[in-house]
Structures are given as C-alpha cells and as structure tokens.
Amino acid sequence: MESSMMRVDRLIEIGTIVAFHYRELPKQFSCKRQTYPYWEMVYVDKGEYAAVSDRGTVRLTQGDLFFYPPGERQEGTANVQTPPNLLIVGFDCVSDAMCDLQQGPFRLGDSERRLLTDIVREGAFSLDPVVPFRREERAARSSISSIGREQVVKNQLEILCIQLLRQTTSLKEGGKLSSLQKEHQETGIAQNIIDFIERSDISELCLDRICRKFALSRTHLGDIFKRSTGCSVMEYVRKLKIAKAKALIREEAYNYTEIAELLGYGSIHYFSKDFKKWTGTAPSEYAKSVKARI
C-alpha cells in the first residue's frame, strides 16, 4: 500500500532576521519618524512605551506586544516615570497571514511569554545586537553561537506569530465558542485587566482609560469583569486605593491630605468619606486602632 504524504502548509515563514535588540531605555528616549522595509516586533518587558504608527498611538505596558508592518511610519517615546525595557526584533516575512497581526497590540499569556524568554536567550548567543541603540544597523551572526541557535530563534518567532494568529481567530469566531471556552476567555481578559490596574498609577486610573487600553466598550468590559470577579472595575480600583491608603497610614510618612493627593482624590473630605464607606472607620480612627495594636 502506498503511503500518502501530507504537504505541510507554511502559514508563517520568516526568511531573514534583520534586527535583534534588548534595550533598557532611558526615560528621555524618543524615536523619531522612520520606516523599514521589514516587519518589526516590539515587546515591552518592563515599564511603558508609546508606539506611534500610521494607525495612531498605542500606549504599551508590561506584557504588551506590537507589530509594525514593512513601510509603516514608526515613532515612539519612553514613559518618563516608568522607562521601558524593550525587545525589538526585525524580520523579513512575505506570508499573507502576517497582515492579521496588524490589529494588535497583543497581551501575552504565559505560553507566549515563555517563548519570548527562549527567544531572548537564544538570540543573545546567536546574534550580535548592536550597541548603542541604533535600529538601522542589522543583526550579525555571533562568533560564539552554538549550533542551531539561529534556526531556533526563527522557529520560535514563527510559533509565536502563529499563537497570536490563533488569538485573533478565536476573537473573530467568538460567537462559535462553547460556554466553557467563553468563560475561560473572559477569565483571561479579566485577569489582564487586573494586571493592568495593579501595574498602573492608581491616582490616574479611570474607566475610559481602561476601556481604551483593551478596546472594549464600557458595557462589554464591565460585564466581562463583573462575571469573573463579582465586582465592577471601579469597585476593584476603589478597593486597591483603600488598601494602599491603609498601608500609607501605617507607614506614617504622609499626612491625610498628602495621602488623598497620592491616591487621586480631589480633596481630603472626599478621601475621608470614601475611606469610611469602605472600612467603617475614618482615617484618623484607623490610625489610632493600628497604634493600639502595637
């Protein structure tokens, strides 16, 4: 009996790795307008980065990944308060499926982050990232590269792109998901929202900012979050503020007016009222109870 052979479809096929950088950017970093004839992947490992393209400005935070297609305008600035660590990989790829990755940014899950960790480790040994940060220079083969490392980087990049494509496909086919799949998906979104809230400056958080970050309407975001956590987004933010207020009161480094300002309250009156609503005691009463326990 003749054995039948199955042709393997190459959904994503990377030809050349053009650039490979891992950089800890200074807070005053700014990348002026430029374009490249290849795909560029930007991943924020720490901090925050504003990525500007022909599609607009996207504020990237830790765990976000963004693609620039060939020929697209690129600009970017570091966040002054939380300067970023970026992984930037440039590569040639003519696969049509890459076009679907322009709809990012993408929030990476555990499996994607593990892939990126491997890519950084393999790339650091197989390629010579240029110093200082000049993206117009091309990655070169390292003189100490171990066997197969470059191919491993290429293969892992392709796998990462395929996993991200699966994310976009599952979102497009959201109506076909089973109730269990939908629940898992919503739980993941809610956890990403929680991660974003806890990494952000709590004094500047508002619902509109969170909605813009996740490209969801107020109603849709609120429904997903409440089904997964049992409370609204702003209730969760408020609980974090109160927990932070308690910690600051215990530290005794700030007065109540300063604490109110640090947490984004418009006045000490509003802060005291909110604190009592959530704890049952005024800030001064809470401070006395803490001292009484010592």
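Its first residue numbered 1, the sequence shown is counted upward by one per residue in UniProt numbering. Cβ coordinates follow ideal geometry from the N, Cα and C atoms, glycine included.
Per DSSP, reduced to three states, the secondary structure at N255 is coil, with no helix or strand assignment.
Just so you know, the alpha carbons of D201 and L65 end up roughly 21 Å apart. In its chain, beyond the 5 residues on either side, S272, F275, K276 have a beta carbon closer than 8 Å to the beta carbon of A282. For T229, the enclosing alpha helix (DSSP H) begins and ends at 218-229. DSSP, reduced to helix, strand and coil, places M5 outside both helices and strands of the structure shown, so it counts as coil. For I14, the enclosing beta strand (DSSP E) starts and ends at 14-24.
The C-alpha of V58 is placed about 11 Å away from the C-alpha of T77.
Counting the other Cβ atoms within 10 Å of the Cβ of R149 gives 16 or more, which makes it buried. Taking the Cα of L240 as reference, the smallest distance to any Cα among L262, D54, C93, T187 is reached at L262. When the alpha-carbon of M41 is set against those of T229, S284, I17, E252, the nearest one is in I17.
Residue environment analysis places K291 among the exposed positions, since fewer than 16 neighbouring C-beta atoms fall within 10 angstroms of its C-beta. A19 and G71 do not touch by the CB rule: their CB atoms are close to 16 Å apart, not below 8 Å.
For the pair V80 and Q62, the CB atoms are not nearer than the 8 Å cut-off. Taking the Cα of Q28 as reference, the smallest distance to any Cα among R10, G15, P84, P69 is reached at P84.
For F29, there is no enclosing beta strand (DSSP E), as DSSP marks it with neither H nor E. Taking the CA atoms as reference points, E24 sits about 45 Å from G280. T57 has V52 as its beta-bridge partners, per DSSP. L157 is not a Cβ neighbour of L101, given a cutoff of 8 Å.
In the structure shown, C211 falls within a helical segment according to DSSP collapsed to helix, strand and coil.
Under DSSP, I88 shares a beta bridge with H21, V42.
The criterion of a C-beta distance shorter than 8 Å is satisfied by F67 and G104. Contact holds between the segment 183-198 and the segment 225-240, because three or more Cβ pairs, one in each stretch, are under 8 Å apart. Annotated as distal: E13 and S111, with beta-carbon spacing of 8 Å or more. Within the same chain, Cβ atoms closer than 6 Å to the Cβ of I88 are found at H21, V42, the five residues on either side in sequence being excluded. According to the DSSP assignment, Y265 belongs to no beta strand (DSSP E), since it is labelled neither H nor E.
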